[in-house]
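Peer 1: Residues 698 to 993 in my numbering are what the sequence shown spells out, letter by letter.
I'd like to ask some things about the structure below.
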Amino acid sequence: MQVGERFIIDGRTVAKEVRSEVAERVAALRRMGVVPRLCVCLVGDDPASQVYVRNKDRAGVGAGLEVETHTLAATTATSELLALIERFNRTDEIHGILVQLPLPEGMDTQAVLHAVDPAKDVDGLHPANVGALWRGEEGLVPCTPAGCIELLDRSAIPIEGKRACIIGRSALVGKPVAALLLQRNATVTICHSRTPDLPARAREAELLVAAVGRAELVRGDWVRPGAAVLDVGINRGDDGRLVGDVAFAEVREVAGAVTPVPGGIGPMTIAMLLQNTARAAARQSGIAWESLTPQP
Ligand code: NAD
698 MQVGERFIID
708 GRTVAKEVRS
718 EVAERVAALR
728 RMGVVPRLCV
738 CLVGDDPASQ
748 VYVRNKDRAG
758 VGAGLEVETH
768 TLAATTATSE
778 LLALIERFNR
788 TDEIHGILVQ
798 LPLPEGMDTQ
808 AVLHAVDPAK
818 DVDGLHPANV
828 GALWRGEEGL
838 VPCTPAGCIE
848 LLDRSAIPIE
858 GKRACIIGRS
868 ALVGKPVAAL
878 LLQRNATVTI
888 CHSRTPDLPA
898 RAREAELLVA
908 AVGRAELVRG
918 DWVRPGAAVL
928 DVGINRGDDG
938 RLVGDVAFAE
948 VREVAGAVTP
958 VPGGIGPMTI
968 AMLLQNTARA
978 AARQSGIAWE
988 SLTPQP
């Protein structure tokens with residue numbers, strides 16, 4: 698949607714585009730006898746996780762993937778989950794493994810993330826994939842950060858040479874977004890809860906990424922006029938409404954481009970999960986991803 702010189706980045710439409718491209722590649726893989734299969738492990742009964750897993754399942758099936766969801770009780774021992782992952786690692790029928798986070802308290806999340814075969818680690822959280830990302834080597838990239846870059850590219854927002862500021866330094870979002878922007882020759886600042894004068898750091902940025910988990914933290918006067926603002930945050934307001942980390946109504950008046958919540962980064966995350974799974978299946982089958990480009 699155009700708003701004068703400004704625009705709202707429509708993550709839903711872009712994600713649909715990505716999903717349909719993935720679906721074409723999955724169809725090509727299936728013609729070659731490869732059926733990309735994703736295994737999702739859901740431990741416990743966190744309602745938000747249940748919704749995320751259901752959405753992943755639905756989108757995966759829509760793109761032609763096989764999706765198996767394994768639901769385990771909150772009281773499951775870490776060793777039991779590790780044994781299940783080991784079983785998934787060993788079979789050639791499964792190309793992608795995703796453990797829905799957060800795991801219930803008491804489970805050893807690190808041990809679980811380390812147990813996933815890096816070639817099947819579609820969330821990109823195994824240390825081998827984290828290392829590959831920072832070294833600029835081939836690997837699986839976390840879905841939300843990959844979705845941020847894909848959304849910028851498909852919205853024709855340049856990255857190279859830009860001053861980027863990321864608010865948040867988690868292993869899931871902040872750090873991998875920083876690595877990807879750095880790889881694309883942005884000049885990157887990573888801010889966090891102990892950064893002094895956060896609004897001033899944010900205001901310097903031509904690309905601002907908010908990945909904090911604090912409703913409407915980023916105000917209009919934190920944003921440099923014309924900047925591109927990606928709002929990764931998902932927060933539920935007192936009235937049950939979803940709000941991002943960005944005060945959208947204020948920021949849209951200043952930014953050159955901004956993602957809404959919902960309908961911005963969220964749909965991209967799922968699209969990139971499907972892409973990671975299809976890519977992993979192609980790689981494990983010795984098929985070059987590029988060779989699957991749809992023929993005119
Ligand atoms: P996290 O809690 O692991 O990390 C939050 C980061 O924000 C930390 O590095 C912390 O230092 C920083 N922070 C906290 N308070 C701050 C403050 N007042 N000022 C500056 N920095 C502060 O969270 P996460 O997993 O990175 O997720 C961040 C947000 O993104 C959450 O709202 C989460 O729900 C959302 N998220 C969305 C998607 C999606 O698909 N859209 C995917 C993953 C996470």
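Each residue gets a CB set at the ideal place from its N, CA and C atoms; glycine is no exception.
Do the CB positions of LEU970 and VAL958 come within less than 8 Å of each other?
Peer 2: What you label residue 970 is simply residue 273 of the sequence shown in a count that begins at 1. What you label residue 958 is simply residue 261 of the sequence shown in a count that begins at 1. No; because the gap between Cβ atoms is not below 8 Å, this pair is not in contact.
Peer 1: Just to confirm my understanding: we take GLY701, look at its own chain, exclude 5 residues before and 5 after, and list those with CB closer than 6 Å. What are they?
Peer 2: By one-based count along the sequence shown, residue 701 stands at place 4. Residue confidence is low: GLY701 scores 49 on pLDDT, short of 50, so the model does not pin down where it sits. No coordinate-derived value is stated.
Peer 1: Cβ atoms of VAL874 and VAL906: under 8 Å apart, would you say?
Peer 2: The count along the sequence shown starts at 1 and reaches residue 906 at position 209. The count along the sequence shown starts at 1 and reaches residue 874 at position 177. Yes. Within cutoff.
Peer 1: With DSSP as the reference, identify every bridge partner of CYS845, one or two as the case may be.
Peer 2: Along the sequence shown, read from residue 1 onward, the residue named residue 845 stands at position 148. For CYS845, which the question treats as bridged, DSSP gives no partner whatsoever.
Peer 1: May I have all residues whose beta carbon comes closer than 5 Å to any heavy atom of the ligand NAD, sorted in chain order?
Peer 2: That query returns the following residues: THR841, GLY865, ARG866, SER867, LEU869, VAL870, HIS889, SER890, ALA908, VAL909, GLY910, VAL929, GLY930, ILE931, ILE962, GLY963, THR966.
Peer 1: How is VAL764 classed by DSSP in three states: helix, strand or coil?
Peer 2: Against the sequence shown, residue 764 aligns to sequence position 67. In this structure, VAL764 counts as strand in the three-state DSSP scheme.
Peer 1: I need the straight-line Cα distance from SER982 to VAL731, nearest angstrom please.
Peer 2: Looking up residue 982 in the sequence shown gives position 285. Looking up residue 731 in the sequence shown gives position 34. Roughly 7 Å between the two C-alpha positions.
Peer 1: In terms of residues, what are the limits of the beta strand (DSSP E) holding ARG860?
Peer 2: Translated into positions along the sequence shown, residue 860 becomes position 163. Unbroken beta strand (DSSP E) run through ARG860: 860–864.
Peer 1: To which residues of the same chain is VAL758 closer than 7 Å at the C-beta, ignoring the five residues directly before and after it?
Peer 2: As a position in the sequence shown, residue 758 is number 61, starting the count at 1. Cβ within range, chain order: VAL764.
Peer 1: Exposed or buried, what is GLU903 when buried is set at 16 or more other beta-carbons lying within 10 Å of its beta-carbon?
Peer 2: Residue mapping note: residue 903 aligns to position 206 of the sequence shown, counting from 1. Buried is the call here.
Peer 1: Within the continuous alpha helix (DSSP H) that includes LEU830, where are the two ends?
Peer 2: One-based indexing of the sequence shown puts residue 830 at position 133. That run of the alpha helix (DSSP H) goes 824–832.
Peer 1: Classify HIS889 as buried or exposed, calling it buried when 16 or more other Cβ atoms lie within 10 Å of its own Cβ.
Peer 2: The count along the sequence shown starts at 1 and reaches residue 889 at position 192. Exposed.
Peer 1: What span of residues does the beta strand (DSSP E) with GLY793 cover, start to end?
Peer 2: Your numbering for residue 793 matches position 96 in the sequence shown. Run containing GLY793: 793–796, per the beta strand (DSSP E) assignment.
Peer 1: What does DSSP give as the partner residues of ASP928 in its beta bridges?
Peer 2: Numbered from its first residue, the sequence shown carries residue 928 at position 231. ASP928 is bridged to ALA907.
Peer 1: So, are the CB atoms of THR841 and LEU869 less than 8 Å apart?
Peer 2: Here residue 841 refers to the residue found at position 144 when the sequence shown is read from its first residue. Here residue 869 refers to the residue found at position 172 when the sequence shown is read from its first residue. Cβ atoms of THR841 and LEU869: closer than 8 Å.
Peer 1: Would DSSP call VAL874 helix, strand or coil?
Peer 2: If you number the sequence shown from 1, residue 874 lands on position 177. Looking at VAL874 - three-state DSSP - the assignment turns out to be helix.
Peer 1: Helix, strand or coil for ARG881, going by three-state DSSP, please let me know.
Peer 2: Start at 1 with the first residue of the sequence shown, and residue 881 comes out as number 184. Three-state DSSP puts ARG881 in coil, outside helix and strand.
Peer 1: Taking the continuous alpha helix (DSSP H) assigned at VAL711, which residues delimit it?
Peer 2: Locating residue 711 in the sequence shown gives position 14, counting from the first residue. 708–728 is the span of the alpha helix (DSSP H), which, as asked, contains VAL711.
Peer 1: Is the distance from the Cβ of HIS792 to the Cβ of LEU781 below 8 Å?
Peer 2: For the purposes of this step, residue 792 is taken as residue 95 along the sequence shown, with counting starting at 1. For the purposes of this step, residue 781 is taken as residue 84 along the sequence shown, with counting starting at 1. Not in contact: HIS792 and LEU781 (Cβ atoms no closer than 8 Å).
Peer 1: Considering only their Cβ atoms, is the gap separating GLY761 from ALA724 smaller than 8 Å?
Peer 2: Locating residue 724 in the sequence shown gives position 27, where the first residue counts as 1. Locating residue 761 in the sequence shown gives position 64, where the first residue counts as 1. It is a contact, given that the beta carbons lie within the stated cut-off.
Peer 1: Do you know how far the Cα of ASN786 is from the Cα of ILE931?
Peer 2: As a position in the sequence shown, residue 931 is number 234, starting the count at 1. As a position in the sequence shown, residue 786 is number 89, starting the count at 1. In a straight line, the C-alpha of ILE931 is about 31 Å away from that of ASN786.
Peer 1: Suppose contacts are defined by Cβ-Cβ distances below 8 Å. Is ALA876 in contact with GLU913 by that definition?
Peer 2: Residue numbering aside, residue 876 sits at position 179 when the sequence shown is read from its first letter. Residue numbering aside, residue 913 sits at position 216 when the sequence shown is read from its first letter. No. Outside cutoff.
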